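**Q** Residue numbers (the working numbering): 0 to 104.
Just so you know, even glycine gets a beta-carbon here, dropped at the ideal spot from N, CA and C.
Values in this document were obtained by computation on a predicted structure and should not be read as measured data.
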Amino acid sequence: MATALLITGTVGAGKTASADALGDLLTDAGVPNAVIDLDWLRRAWPAPPDDPFQSALTLRNLGAVTANFLEAGAERLILAGVIESREERLRHEAALGVPLTVCRG
């Protein structure tokens, strides 16, 4: 069964670098994986006035990208991004469709 790990923390904490390094370690160990930077899934302009951080777009894109990675054989999904509440965590796990563990750096 596929699983996901989200590395979260403040801006500039090294989330993306950590996710990249973990993806490399999994690759070296022969574990099929994919690394997803949540910032790139939301990068669009303009943002809706009621969703300035593009949360809805992020989750839609996360679901689509995850489905493609899982279909391609990924067993571990490594995400880098900011989640600030339990509710956000639950929404991200639902979009992923696989169990999500969160690590705060």
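Could you give the first and the last residue of the continuous beta strand (DSSP E) run that contains ARG75?
**A** 75-79
**Q** Quick one: grab the DSSP three-state call for ALA16.
**A** helix
**Q** Tell me the residue span of the alpha helix (DSSP H) that contains VAL64.
**A** Residue range 54-70 is occupied by the alpha helix (DSSP H) that includes VAL64.
**Q** Could you tell me the boundaries of the alpha helix (DSSP H) in which ASP38 lies?
**A** Here the alpha helix (DSSP H) through ASP38 covers 37-41.
**Q** Opposite VAL101 in the DSSP bridges: which residues?
**A** LEU5
**Q** If distances are taken between C-alpha atoms only, which option among VAL10, THR9, ALA16 and ALA12 comes closest to ILE77?
**A** ALA16
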